[in-house]
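Protein chains in written order, with numbering that gives the first Met the number 0: chain A, 0 to 573; chain B, 0 to 86. Note sheet for the following structure.
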Amino acid sequence: MSHLLTGVPASPGIAIAKAYRLESEGSVPQRKAVDDIAAEKKRLKEAVEAAKADIDRIREETLERLGPPKAEIFEAHLFLLEDPDLIDAAMDQIESEGINAEYALHEVASGIMEALRSMDNEMLRERAADVKDITGRVITKLEGREHIALSELNSETILIAKDLTPSDTAQLNLEFVRGFVTEIGSRTSHSAIMARSLELAAVVGAGSDASGIRTGDMVILDATAGQVIVNPSDRQLEEYSVRKREYEEYQIRMRSYVERPSVTADGAQVELASNIGGIDDLEKVLANGADGIGLFRTEFLYMGRTTFPTEEEQYSVYKHVLEKMGGKRVVIRTLDIGGDKELSYLQLPKENNPFLGLRAIRLCLERKNLFRIQLRALLRASVHGKLAIMFPMIAVLSELQEAKRILAEERAKLEQEGIPVSHSLEVGIMIEIPAAALAADILAKEVDFFSIGTNDLIQYTMAADRMNESVSYLYQPHHPSILRLVQLVIQAANRNGKWAGMCGEMAGDSAAIPLLLGLGLHEFSMSASSVLPARELVSRLSKQEWSRLTEQALGMSSQQEVLDFVNQQLRSEA
Amino acid sequence: MVSQTFTVIHPQGFHVRPAKLFVEKANTFPCKVTLFKGEKKANGKSSLGLLTLGISRGDEIRLEADGDQEEQALHELGHMLTKIYEE
Numbered sequence: 000m001s002h003l004l005t006g007v008p009a010s011p012g013i014a015i016a017k018a019y020r021l022e023s024e025g026s027v028p029q030r031k032a033v034d035d036i037a038a039e040k041k042r043l044k045e046a047v048e049a050a051k052a053d054i055d056r057i058r059e060e061t062l063e064r065l066g067p068p069k070a071e072i073f074e075a076h077l078f079l080l081e082d083p084d085l086i087d088a089a090m091d092q093i094e095s096e097g098i099n100a101e102y103a104l105h106e107v108a109s110g111i112m113e114a115l116r117s118m119d120n121e122m123l124r125e126r127a128a129d130v131k132d133i134t135g136r137v138i139t140k141l142e143g144r145e146h147i148a149l150s151e152l153n154s155e156t157i158l159i160a161k162d163l164t165p166s167d168t169a170q171l172n173l174e175f176v177r178g179f180v181t182e183i184g185s186r187t188s189h190s191a192i193m194a195r196s197l198e199l200a201a202v203v204g205a206g207s208d209a210s211g212i213r214t215g216d217m218v219i220l221d222a223t224a225g226q227v228i229v230n231p232s233d234r235q236l237e238e239y240s241v242r243k244r245e246y247e248e249y250q251i252r253m254r255s256y257v258e259r260p261s262v263t264a265d266g267a268q269v270e271l272a273s274n275i276g277g278i279d280d281l282e283k284v285l286a287n288g289a290d291g292i293g294l295f296r297t298e299f300l301y302m303g304r305t306t307f308p309t310e311e312e313q314y315s316v317y318k319h320v321l322e323k324m325g326g327k328r329v330v331i332r333t334l335d336i337g338g339d340k341e342l343s344y345l346q347l348p349k350e351n352n353p354f355l356g357l358r359a360i361r362l363c364l365e366r367k368n369l370f371r372i373q374l375r376a377l378l379r380a381s382v383h384g385k386l387a388i389m390f391p392m393i394a395v396l397s398e399l400q401e402a403k404r405i406l407a408e409e410r411a412k413l414e415q416e417g418i419p420v421s422h423s424l425e426v427g428i429m430i431e432i433p434a435a436a437l438a439a440d441i442l443a444k445e446v447d448f449f450s451i452g453t454n455d456l457i458q459y460t461m462a463a464d465r466m467n468e469s470v471s472y473l474y475q476p477h478h479p480s481i482l483r484l485v486q487l488v489i490q491a492a493n494r495n496g497k498w499a500g501m502c503g504e505m506a507g508d509s510a511a512i513p514l515l516l517g518l519g520l521h522e523f524s525m526s527a528s529s530v531l532p533a534r535e536l537v538s539r540l541s542k543q544e545w546s547r548l549t550e551q552a553l554g555m556s557s558q559q560e561v562l563d564f565v566n567q568q569l570r571s572e573a
Numbered sequence: 000m001v002s003q004t005f006t007v008i009h010p011q012g013f014h015v016r017p018a019k020l021f022v023e024k025a026n027t028f029p030c031k032v033t034l035f036k037g038e039k040k041a042n043g044k045s046s047l048g049l050l051t052l053g054i055s056r057g058d059e060i061r062l063e064a065d066g067d068q069e070e071q072a073l074h075e076l077g078h079m080l081t082k083i084y085e086e
């Protein structure tokens with residue numbers, strides 16, 4: 000009988016293969032009394048030698064296949080198997096307590112692992128995984144079972160584990176491992192992040208039900224939907240083989256868009272950029288061939304710490320991002336904190352309506368020193384690439400003028416100090432307050448660009464918190480009133496020779512892209528993984544055709560009507 | 000039995016590689032080698048033992064050698080201890 004498990008879709012993909020269950024630490028060998036102490040010690044010695052022979056073989060294979068750095072871990076394992084605190088100590092336990100080798104070794108190893116796990120140093124804590132690896136190997140030898148290490152798997156496999164440690168993932172043989180399922184974990188756990196960077200299908204946090212999956216069970220892993228089907232029926236196997244093939248074809252098709260320009264079917268050029276939260280996201284941005292960074296949220300530099308980041312710290316991060324992106328534009332948003340995003344060391348008073356309170360640019364203009372440090376770091380970094388500075392949450396012209404005045408002061412100070420600042424640096428604002436959208440024609444004269452932040456713009460326009468279930472239905476990106484506001488902003492930019500982009504979620508939405516294109520949006524900034532599908536979509540659309548269709552959509556009476564219209568048009572084009 | 004105290008200066012403390020090098024060196028001496036950090040002690044011929052001391056920068060470590068060639072062991076291992084930390 001097949002059964003279905005659901006978990007967190009940690010890394011997309013579809014895999015069909017036999018399961019291999021990674022032994023969990025929980026399996027404790029039984030404690031048994033032994034009479035022949037000498038024979039038991041000999042048994043341990045032989046098991047250690049056999050384990051060493053295995054490790055040495057894997058070390059040589061790894062050396063050949065992946066090179067010295069990857070083989071190093073096995074050298075360390077061989078060395079640990081000679082450690083007196085491990086093997087000699089287990090020998091002593093066999094002798095003093097008259098117990099079996101499996102249990103003695105397990106006892107000794109547990110003590111060491113516990114000590115290592117209590118360390119402050121991350122690197123030392125991770126060594127517990129090595130101790131677990133090697134003692135597990137010896138214990139399997141003692142129990143007469145064959146030990147299949149992650150690096151030794153030699154047929155297509157879906158790994159099933161309680162969780163995967165860093166040392167587990169370091170050893171994954173990608174030639175054969177097709178995906179993995181863990182019982183615990185979230186989208187941000189180590190294993191999930193690893194899976195995405197290896198582009199390996201993975202479902203994490205599937206719960207204790209996953210513990211029922213045995214080695215050898217047939218498994219369908221639909222990591223895109225977060226589903227795991229154990230021992231599927233023939234019909235399910237057939238269905239998913241087709242889906243898997245389609246998914247792979249889709250992937251290949253998408254990859255072909257990495258180096259293509261972002262151009263519509265009728266030759267209009269747009270910019271498909273990516274949003275990032277920190278330098279860790281850069282690799283994905285580059286791998287997906289984004290045309291630039293449309294939103295760098297600098298909050299991460301300030302959060303999860305107890306003091307403000309220094310100018311130097313910020314400068315080095317901004318410089319790194321600009322250099323990595325080569326000549327592509329990087330829009331860096333100045334500190335957008337307050338509202339739901341708190342900083343304990345800022346010690347802001349509690350507000351009744353934080354979303355309507357002292358946040359983003361309002362806070363920066365109140366705490367000017369904080370703002371000046373960030374602007375200085377940005378200005379200094381500007382010479383390392385194509386920088387655009389963006390002020391969040393501008394509501395009225397005077398806020399923008401004040402922010403620009405401070406920026407000009409900091410520039411003048413730097414120039415006086417003889418520190419170079421780029422002259423092609425762009426300055427823009429995020430449009431996320433209806434007042435700013437409505438006055439876009441006035442604001443446009445003072446900026447180089449607009450970037451529409453739809454998440455807040457929609458909430459403020461509809462006066463509804465999208466996290467509040469009772470009113471979340473009002474979060475309607477395709478509603479004509481939102482489209483009309485967006486139109487105002489784009490038109491104001493166009494008339495003043497400025498560019499308009501969008502960095503809210505709407506920019507990556509396939510049902511919104513045709514409309515935004517029709518409205519004349521220049522830049523679309525989205526999550527890195529949406530860039531290639533967006534480029535593929537844009538390449539099929541005619542900008543001229545959609546500007547006509549969008550005019551029609553603007554006159555409709557509901558979001559649903561707009562959505563039906565867009566989908567119908569897209570279908571008839573396909 | 001001889002002993003001496005050393006102060007750790009390496010910013011990363013005593014991790015896997017230095018521990019391995021230290022143990023390999025200690026194994027060339029017949030005498031017993033023990034490291035003390037506060038209340039904790041470890042066998043100087045066990046890298047796991049050394050790791051579980053969790054040695055970090057600024058720690059005072061007492062090195063003790065007991066048996067044949069103890070003077071030489073203390074000298075060379077002590078030198079190596081500070082040497083490793085300088086690498």
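All residues carry an ideal CB built from backbone N, CA and C; glycine is no exception. Since the model is a prediction, treat every value here as computed from it, not as a measurement.
Any chain B beta carbon closer than 8 Å to residue i
i: K44 (chain A); result: no
i: N351 (chain A); result: no
i: L123 (chain A); result: yes
i: R126 (chain A); result: yes
i: N120 (chain A); result: yes
Residues of its chain near residue i, where Cβ-Cβ distance is below 8 Å and the 5 sequence neighbours each way are ignored
i: E70 (chain B); result: V1, A64
i: S207 (chain A); result: E182
i: T4 (chain B); result: E59, I60, R61, L62
i: Y301 (chain A); result: F307, P308, L334, I336, L342
Within 8 Å, strictly: CB atoms of residue i and residue j
i: G500 (chain A); j: F448 (chain A); result: yes
i: I93 (chain A); j: L43 (chain A); result: yes
i: L76 (chain B); j: K24 (chain B); result: yes
i: V330 (chain A); j: F299 (chain A); result: no
i: M324 (chain A); j: G384 (chain A); result: yes
i: L50 (chain B); j: A18 (chain B); result: yes
i: A272 (chain A); j: S10 (chain A); result: no
i: K31 (chain B); j: G57 (chain B); result: no
i: V488 (chain A); j: I418 (chain A); result: no
i: D280 (chain A); j: S261 (chain A); result: no
Cβ of residue i within 8 Å of any chain A Cβ
i: F5 (chain B); result: no
i: S55 (chain B); result: yes
i: H14 (chain B); result: yes
Nonlocal neighbours in the same chain, by C-beta distance under 6 Å from residue i, ignoring five residues either side
i: D265 (chain A); result: S541, K542, Q543
i: K412 (chain A); result: none
i: E350 (chain A); result: G356
i: G503 (chain A); result: G452, T453, N454
i: K140 (chain A); result: A46, A49, A50
According to DSSP, residues forming a beta bridge with residue i
i: N274 (chain A); result: A:L294
i: M501 (chain A); result: A:I451, A:F523
i: T6 (chain B); result: B:E59
i: T33 (chain B); result: B:N42, B:E63
i: V202 (chain A); result: A:P8, A:V180
i: G427 (chain A); result: A:M389, A:F448
i: A108 (chain A); result: A108 (chain A) is not bridged to any residue.
i: K340 (chain A); result: A:G337
i: I220 (chain A); result: With the sequence shown as reference, residue 220 (chain A) is identified as Leu, and Ile is not the correct amino acid for it. Paired residue(s): A:A14, A:V227.
Cβ neighbours of residue i in the same chain (closer than 7 Å, five flanking residues each side left out)
i: L536 (chain A); result: S509, I512
i: W498 (chain A); result: F448, A492, H521, E522
i: E24 (chain A); result: In this prediction, E24 (chain A) has a pLDDT of 49, which is less than 50 and means its spatial position is unreliable; nothing more can be read from the coordinates.
i: G178 (chain A); result: G12, A14, I157, L199, A200, A201, L220, A222
> What residues from the segment 20 to 31 of chain B come within 7 Å of chain A, judged by C-beta to C-beta, listed N to C?
Replying inline: none
>> Beta carbons nearer than 7 Å to chain A: which residues of the segment 40 to 53 of chain B have them?
In response: N42, K44, S45, S46, L47, G48, L50, T51, G53
>> Beta carbons nearer than 7 Å to chain B: which residues of the segment 74 to 93 of chain A have them?
In response: A75, F78, L79, D82, P83, D84, L85
> Name the residues in the segment 98 to 118 of chain A whose C-beta lies less than 7 Å from a C-beta of chain B; which are they?
Replying inline: Across the segment 98 to 118 of chain A, CB contacts with chain B closer than 7 Å involve I111, A114, L115, M118, in sequence order along the chain.
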